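This report refers to the structure that appears directly beneath it.
Protein chains in written order, with this note's numbering: chain P, 77 to 417; chain B, 77 to 417; chain C, 77 to 417; chain E, 77 to 417.
Encoded structure:
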């Protein structure tokens with residue numbers, strides 16, 4: 077079976093490895109589709125993701141759907157042939173954060189496809205891979221494997237929205253029209269926001285945001301004056317750009333909320349806090365997700381949300397390098413996926 | 077000009093009265109459409125609404141849209157010709173409840189069309205009526221006067237949903253498929269509920285609930301077993317029936333929330349509380365609305381919500397008695413409106 | 077070693093059993109002090125606690141402190157000689173309720189000293205008993221084993237307060253001056269309530285409530301008129317009495333919150349809900365506790381709260397029957413404890 | 077009567093002005109005590125407070141207690157001779173912020189002693205001054221006028237705590253041991269925090285913080301390593317210092333909350349936001365107060381909180397310049413008050 081592994085900066089190989097064994101409670105999954113995320117791109121092009129440096133070959137990939145190929149002893153949650161969304165997260169369920177309902181902050185988190193610990197936790201860009209049954213979410217119905225692979229980033233967006241609370245009656249700004257930005261548009265509309273505005277410095281992401289349901293789009297570079305008027309109840313900063321964060325602070329009304337969501341750049345992102353106090357804002361971080369993964373699977377499988385406008389391309393595992401290059405170029409793609417050949 | 081007035085139980089007259097004067101800050105409004113509410117029906121058929129007894133002729137009507145006919149000195153919020161939704165609520169803005177953002181609980185509330193105080197606060201089932209400009213919400217766009225008259229009951233439903241908080245990821249039950257029940261379906265879907273189930277003892281309300289967006293409908297009399305299984309995260313009791321409230325308690329999951337919304341019957345509604353503690357439920361009352369009226373106007377005028385499936389009939393003011401009779405019969409109508417001739 | 081076991085209604089025996097083995101991750105604990113709770117009393121005097129019927133000999137006891145006698149392989153959290161508060165709760169950490177931070181609602185809960193499942197989960201009224209290390213909370217400092225045994229009921233009270241949120245600026249009523257009522261007084265004062273009033277039908281509980289910090293006490297039978305005036309922001313119903321619950325509804329202000337906490341009587345407790353809607357109240361159940369157990373241990377071991385006024389008597393395990401009789405009589409006792417001889 | 081007026085930077089005069097008239101609904105108040113706040117100090121020493129520049133003589137002073145000297149027609153809330161805390165805030169009660177229960181964000185706020193609008197809203201450092209009755213809070217009991225003048229800054233601290241929610245079970249850091257920092261210690265302890273740690277760069281504020289109830293004090297300059305360990309659930313930044321804010325971010329645990337409270341320096345206060353997302357923090361501004369003023373008056377008049385350790389000196393109005401100089405020097409004073417001669 078073929079596995080995609082990053083050996084070092086700009087050294088990613090699709091290579092055969094031995095068939096994995098499955099133990100009790102485990103399942104063997106055949107890759108359906110795997111979305112390439114910003115952190116995967118960082119690992120490949122930089123050999124690191126922020127402070128997490130690749131120290132041994134790392135299989136990237138944590139946005140994955142698949143089909144159950146084989147189940148181990150005692151498995152009850154899924155059976156061979158099931159179409160599944162796969163959660164990359166394994167929280168301990170016993171630390172203080174888990175006990176308070178914030179498993180994304182788990183002290184003992186094992187998150188697939190990450191070099192944050194050593195040995196690294198291997199990811200899922202592989203023809204076949206083994207996991208505990210608890211991380212598999214079987215779905216029925218017509219949802220495609222490609223759509224189902226959006227469960228993880230959709231969970232990120234639902235969690236960001238959840239950090240605010242109810243959105244009915246609220247006007248929303250999303251800065252950044254990438255995958256997380258566009259999924260946040262979908263989540264904010266799902267939550268009933270009165271209007272959703274998106275800003276970006278490129279036209280392509282704004283076109284995608286429109287297709288995802290944005291009521292209004294702004295070019296941050298050309299519409300700076302508009303973005304200086306306090307007018308939004310809630311802003312989601314999904315670009316990692318300092319200028320965008322400043323726009324959020326300026327254009328949020330008194331008493332409003334700003335949520336920082338998605339990967340930040342490696343360098344520090346300084347900003348000016350005086351307005352936080354004078355306008356009595358809430359500035360909140362949103363990191364990954366907890367129970368929202370379960371919700372994302374439900375919304376995707378019921379067809380309640382439509383992520384298809386975000387899918388820019390699909391490549392066989394063997395073409396991983398090409399896929400990563402396209403995924404990196406935001407003027408040409410939103411989400412790029414890998415599939416088993 | 078003609079005014080509809082209830083003089084006593086089953087004695088409602090449409091009679092001419094002198095043209096009203098308008099003072100500074102006031103406006104004269106021509107009736108666009110006025111929805112007949114349960115409390116209006118109680119006043120007419122029983123001469124009272126619970127403990128509020130008619131002691132002088134009362135103009136009913138608090139769900140109203142209209143057109144500005146004339147404005148008094150100093151009015152800036154609206155101008156003649158404006159299409160407006162009219163808020164029946166006037167809170168003081170200074171008591172402890174207003175200061176804590178719960179104007180619906182205002183100690184000094186004046187609510188139009190109500191015999192709760194004497195002299196009564198007259199309502200708006202009249203060809204023309206006078207109000208302070210602050211109670212008028214001008215709208216542009218294509219929304220009809222008939223739809224706009226749903227702002228008040230839609231605000232009730234939005235407030236009920238707001239009492240729960242975010243609905244994303246939540247499964248919802250609504251007991252009762254009348255106007256408030258159906259608008260709660262709309263509000264719960266707007267807020268992103270994963271699914272909305274409605275129960276009633278009649279087919280017609282369930283058909284309307286379907287048209288309003290319910291995912292599933294149940295006949296409470298025939299599907300009692302289904303309604304005994306804990307399965308909903310949130311239940312809205314909108315029927316005022318003891319049996320329905322018991323279904324809410326039984327079918328809500330541990331840790332769930334039940335909201336009682338809309339008019340209760342005059343007689344006490346006893347229920348058994350043990351499950352509230354053992355399942356750790358939240359049982360919350362929802363009374364009228366606050367800022368949600370403003371939101372209701374926005375959602376109606378932007379076309380984001382569609383209330384048209386709820387409108388069962390429109391009658392000229394002169395036919396008020398017929399209209400009230402139809403409005404009372406839930407096997408034949410959901411919302412019935414009066415319009416200026 | 078001696079163990080206290082209920083064989084049937086009014087048949088409780090203190091009898092020797094074989095020394096228990098400890099496995100990896102387990103510890104052997106010598107009883108320090110064990111508070112007799114209402115559910116223990118129900119099991120002894122009625123052979124059941126509500127719908128949970130004794131079907132095999134049951135060791136009661138879930139409010140316990142002790143000293144670690146021996147530790148199994150791999151234990152790191154405690155060592156022999158440690159003074160510990162013992163949590164009677166073992167939640168799974170993986171069901172939907174655990175994942176949302178509400179472990180007290182866990183689908184797979186094992187709660188010590190309970191006949192809710194069969195075989196029963198044995199409790200801790202025994203000279204020695206074995207548990208997993210995770211359920212032990214080691215404390216240093218001067219707190220006595222008797223005080224430490226209040227961790228469990230104090231956690232109940234802290235959880236009840238937590239169900240409301242911040243109490244600063246709030247006036248509080250507690251109906252019922254038993255153990256839970258008095259601990260709720262302590263918790264409400266700890267949370268900064270502006271004033272705490274307690275009602276009961278006996279003088280002794282009211283005296284204890286005063287000693288626990290109540291600002292005002294009322295005899296519910298003699299002060300009924302006072303208890304009919306809306307004046308409290310928050311009420312905690314800790315008596316299981318219908319009359320008390322009605323007082324809570326009547327004396328809570330518009331927009332207020334009522335929490336039902338502690339064991340309910342076996343019979344249904346009906347009440348009238350109209351006021352819930354008209355006054356827009358929140359009526360919430362509080363069931364056991366989650367992370368609040370950890371907090372209770374902290375507050376007890378730091379001396380921040382003083383539970384000593386609640387301790388009415390201590391008896392050696394051999395005198396369990398006498399102790400249970402005293403514990404049942406609320407005119408003579410608040411909390412009665414058992415200790416190892 | 078004498079009035080203290082700032083004519084320009086470092087030009088403050090205590091000068092006689094004509095006796096003021098009182099209209100209907102107004103009262104004449106004789107100054108009891110008036111605390112000198114950071115904004116007063118900025119107006120005097122810099123001729124401005126941030127972007128608010130003195131353009132006509134300004135009477136400073138907004139932390140004031142007094143005695144009612146005379147009441148105008150129709151006044152019912154107070155009578156001559158009443159001891160009162162005086163609220164410097166007048167919100168409109170009708171804008172969107174007021175309606176949502178956040179009067180401190182009122183679009184039409186008139187706040188006494190402020191150059192934010194022109195003509196300026198005059199403050200209360202005067203022998204006598206006139207206000208609407210609604211801004212007066214009569215108190216009975218033994219609380220001194222000096223203590224009562226802490227109502228305003230105590231309200232700031234209670235509001236900061238209120239922005240977090242319940243503090244039971246939470247460990248707290250307060251950076252800055254000035255008036256607001258020490259009052260936040262009092263408020264956090266009132267709300268039940270398990271422990272309160274205070275940091276400052278001077279010893280005197282730390283001594284005052286200890287006297288106000290801090291469990292632990294740290295010298296930020298010497299204990300930098302301790303302040304880099306994630307250990308607090310909640311941090312209140314009350315110093316306006318960038319280094320302190322960085323300590324808050326570093327020493328707050330995952331999922332924690334940081335509140336910025338009190339006046340910020342004029343220059344921008346940049347900071348690094350990456351940790352906000354990765355640790356999923358909430359960073360919230362707290363601006364002035366709403367209903368918390370009422371609570372502050374209650375806690376002071378009931379003796380529940382003791383602000384006396386914060387009072388460093390009292391000066392007659394004539395010595396305002398000396399008083400301002402002392403107030404400015406944090407190595408010598410916490411709160412300095414002016415009193416009528």
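Glycine included, every Cβ here is placed at the ideal spot set by N, Cα and C. Here the structure is a predicted model, which means the values were calculated and not measured.
Taking DSSP's pairing of strands, which residues face residue i in a bridge?
i                      : result
residue 82 of chain C  : C:88, C:134
residue 399 of chain E : Residue 399 of chain E is not bridged to any residue.
residue 125 of chain P : P:128
residue 105 of chain E : E:144, E:205
residue 334 of chain P : P:311, P:359
residue 392 of chain E : E:415
residue 99 of chain P  : In the DSSP output, where bridge partners are listed per residue, residue 99 of chain P has none listed.
Following the continuous beta strand (DSSP E) through residue i, name the residue where it begins and the one where it ends.
i                      : result
residue 276 of chain B : 271-276
residue 440 of chain E : Coverage of chain E is limited to positions 77 through 417, which leaves residue 440 of chain E absent and any answer about it impossible.
residue 226 of chain C : No beta strand (DSSP E) contains residue 226 of chain C, which DSSP labels as neither H nor E.
residue 372 of chain B : From DSSP, residue 372 of chain B is part of no beta strand (DSSP E) but of the alpha helix (DSSP H) over 368-377.
residue 214 of chain E : 212-215
residue 251 of chain B : 247-251
residue 405 of chain B : Element bounds for residue 405 of chain B: n/a, residue is neither H nor E.
Mark residue i as exposed unless 16 or more other C-beta atoms lie within 10 angstroms of its C-beta, in which case mark it buried.
i                      : result
residue 164 of chain B : buried
residue 410 of chain E : buried
residue 136 of chain P : buried
residue 157 of chain B : exposed
residue 270 of chain P : buried
residue 231 of chain B : buried
residue 246 of chain C : buried
residue 116 of chain E : buried
residue 81 of chain B  : buried
residue 79 of chain P  : buried
residue 334 of chain B : buried
Under the assumption that residue i contacts residue j (Cβ atoms under 8 Å), give the Cβ distance between them as a whole number of angstroms.
i                      : j                      : result
residue 312 of chain E : residue 236 of chain E : 6 Å
residue 188 of chain C : residue 108 of chain C : In fact, because the Cβ distance is near 15 Å, the residues do not count as touching under 8 Å.
residue 348 of chain P : residue 344 of chain E : 4 Å
residue 100 of chain C : residue 205 of chain C : The Cβ separation is near 17 Å, so there is no contact.
residue 393 of chain E : residue 416 of chain E : 6 Å
Using a Cβ-based criterion (distance less than 6 Å to any ligand heavy atom), does residue i qualify as near the ligand ZN?
i                      : result
residue 194 of chain B : This structure does not include the ligand ZN; it has no bound ligands of any sort.
Could you spell out the range, first to last residue, of the alpha helix (DSSP H) harbouring residue i?
i                      : result
residue 257 of chain E : 255-266
residue 322 of chain P : 318-327
residue 287 of chain E : 279-288
residue 172 of chain B : 172-175
Starting from the beta carbon of residue i, find every residue of chain D whose beta carbon is closer than 9 Å, and list them in chain order.
i                      : result
residue 238 of chain B : Note that chain D does not occur in the displayed structure, where the protein chains are P, B, C and E.
The region 211-230 of chain P in contact with the region 273-288 of chain P per 3-pair CB rule at 8 Å
no
If contact is defined by three or more beta carbon pairs under 8 Å, each pair taking one atom from either stretch, is the region 377-393 of chain B in contact with the region 345-361 of chain B?
no
The region 195-208 of chain P contacting the region 245-252 of chain P, beta-carbon criterion three pairs below 8 Å:
no
Any 3 or more C-beta pairs closer than 8 Å across the region 125-143 of chain C and the region 179-197 of chain C:
yes
Are at least three pairs of beta-carbons, each pair with one atom in the region 257-274 of chain B and one in the region 284-303 of chain B, less than 8 Å apart?
yes
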